[in-house]
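This report concerns only the one structure given below.
In UniProt numbering, the protein residues as written are 1 to 695.
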């Protein structure tokens, strides 16, 4: 799982017969991570390595075979190279850029090559190079506005911005013309795109003719810690002009309704370049509002698409004919691919791919789709799918170590919850599952983060139920009130209910499992529960409630000790929405479900995991919970990572995370056994991984 390759979805060339994909591996023997790019022949399945010292690779667009490569230097610059897919070892350097760049988009116009890319910029708009940054001898940082820090880093004046640069063409020999390097946002711009901390290539798009760039940026007139509002901008790539807002929050849409006020994402130009599509939420300050689809043409009002559709798309792409959109959206534990006509209603929306979870889509010239798909028992693989025939073909084989995993290990379950909605989840059993009267399995109950999130039928390299199942546990993932993918009313129902309806749903889940004779293979005297982020809040909340006494052991990863401490977080709009206002304006809303109120009841053995770089939920939350457990004499273990954020991402740390968690669970559920070597180590050697749902 940890040392095997993690592959991206290939990017096809114009002919649709070759793709470029990235991969990474980690050697626990050499303690070395390797990132590299490969070429994949779609017909034969053969791969050819492009090289390892590459930061990014994409098709240049001048023909079917020319590839643009980049790598960064120790001087804080970026070198640019080209090669031919037929002779990938012959690379030619044709220039450098005086900064570290990302998300490169080539433009071919009038026999000239231009690049649009993102990079850090100084406040004056010039490209940032750390080697040329002013030297300071004091370490203090002064702030008079928010953010102070975000996710895992402190905020500095430099921002992500978009640049353009052109190439010189000397009789067919290209070289970078550094004099053409231009910040598309201009001088002293407050705009930022891609938006930190998770923004990337999907935050901007270049029109097919190369003349315009559309991008999203937070509203510069609002406090970023208190708002989720994003504005969608349009800016020309030549001849500087002030970026133009195309979703002005003071305007009306084509139906005379108010323009959405919340977060926007995924701007995409239509194939003819005349229309822009994007996603946006209506409510400002609510990061889990439903995403709606909008299109806009030049100097015309926004037009909503499928306005009544109670599904929240997470991405969008235009169909090649420009008459519809392809979107990936969560629906009842799956990430499904839909085709959405450009209508006002949800009429004629079709499910294109109905199984497991889709992670990306691209289009081939013959009308077929290139898809990335994973499941709870299979890491992400690329497929060529023919929507007219319904046939699909995998482009690489399943890793040998994963073949022990079968989808027969997975089943879905549901029951009617506290609001009359179905409470739904998955159960994953060991591959060597033995349903006999004498065989009982301990239970690992997974509680997701968010809280507006969900467990889905997808692969993850962090919280992977199949790994726990192979270690001898029956794993149950539960999607209680507030989970995404079950309609927006179900998501919204968690507001002011953090420890209310979701707790009841989880309590009822345990009761449902215990009373269902089909699950008599579970040893309910050996139940454990694990959760991260909001799931960690719920673990601490359960500790102080009667449900906590039903578990043999608990695991809290980066959880909330006290809801009053959410004022320490960076994105303050989050607690202000879920708790009904500010701490001083509605203190009762913060105190209502505070786990710290019931610390006198904490009694179940619990492991605490927290990281120093977690600025979403600072490490003091984990330390406080551990202090309570220790002072009360409750068996407890603390695992601290000084170099991780809200997620444990480094391979060696991830391995330690799994080993320590398994040791803790086994200590309380398998006391008669010597703790076995984690079975995940068998997967370490070969199985492919892919970041699935990030919970």
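Here a beta-carbon is modelled for each residue, glycine too, at the ideal position from N, C-alpha and C.
- Counting along the chain, the unbroken alpha helix (DSSP H) around residue 543 starts and ends at 534-543.
- Nearest C-alpha to residue 396 among 3, 671, 27 and 42: 42.
- Listed in chain order, the beta strand (DSSP E) elements of length 3 or more contained wholly in the segment 267-299 are 275-281 and 291-297.
- Around residue 122, the same chain offers 128 and 158 as residues with beta carbons nearer than 7 Å, after the five sequence neighbours per side are excluded.
- For residue 567, the closest alpha carbon among the candidates 22, 550 and 586 is that of 586.
- For residue 624, the three-state secondary structure derived from DSSP is helix.
- In this structure, DSSP gives residue 599 a helical state, which the three-state scheme calls helix.
- Under the three-state reduction of DSSP, residue 510 is assigned to helix.
- Cβ neighbours of residue 531 within its own chain (closer than 6 Å, five residues either side excluded): 447, 538 and 539.
- Measuring C-alpha to C-alpha distances from residue 153 to each of 613, 368 and 639 identifies 613 as the nearest.
- The three-state secondary structure of residue 421, taken from DSSP, is coil.
- Under DSSP, the beta-bridge partners assigned to residue 19 are 12 and 40.
- Annotation for residue 230: 195, 216, 217, 218, 219, 262, 263, 264, 265 and 280 place their beta carbon closer than 8 Å to its own, counting only its chain and skipping 5 residues before and after.
- Residue 48 is bridged by DSSP to 39.
- The C-beta distance from residue 452 to residue 324 rounds to 28 Å, too long to meet the 8 Å contact threshold.
- In the DSSP assignment, residue 222 is bridged to no other residue.
- Just measuring C-alpha positions, the residue of 597, 440 and 118 sitting nearest residue 200 is 118.
- As the crow flies, the alpha-carbon of residue 432 is around 24 Å from that of residue 510.
- Residue 363 and residue 320 have their alpha carbons spaced roughly 7 Å apart.
- Membership of residue 668 in the alpha helix (DSSP H) is indicated by the continuous run 651-669.
- Distance check between residue 378 and each of 393, 399 and 366 places 399 closest, using alpha-carbon atoms only.
- Under the Cβ criterion (8 Å, minimum of three pairs), the segment 58-70 counts as touching the segment 81-90.
- With a contact defined as Cβ atoms closer than 8 Å, residue 49 and residue 35 miss out at about 12 Å.
- Classified as exposed, residue 15 has fewer than 16 neighbouring CB atoms from the shown chains inside 10 Å of its CB.
- Judged by beta-carbon spacing, residue 20 lies beyond the 8 Å limit of residue 97, meaning their Cβ atoms are not closer than that value.
- Judged by DSSP secondary structure, residue 587 falls within the alpha helix (DSSP H) whose first and last residues are 587-591.
- Between the alpha carbons of residue 253 and residue 358 lies a gap of roughly 31 Å.
- With at least 16 other beta carbons inside 10 angstroms of its own, residue 104 counts as buried.
- The three-state reading of DSSP puts residue 407 in helix, counting H, G and I together.
- Here residue 402 carries a helix assignment [DSSP, helix/strand/coil].
- Under a 10 Å Cβ-count criterion, residue 160 is classified as buried, with 16 or more other Cβ atoms of the shown protein chains found around its own Cβ.
- The three-state reading of DSSP puts residue 185 in coil, since its state is none of H, G, I, E or B.
- Around the beta carbon of residue 579, a 10 Å sphere encloses 16 or more other beta carbons of the protein chains shown; the residue is thus reported as buried.
- In the DSSP annotation of this structure, the continuous segment of the beta strand (DSSP E) that includes residue 641 starts and ends at 636-641.
- The three-state reading of DSSP puts residue 567 in helix, counting H, G and I together.
- With distances taken between CA atoms, residue 520 lies nearest to 434 out of 434, 594 and 561.
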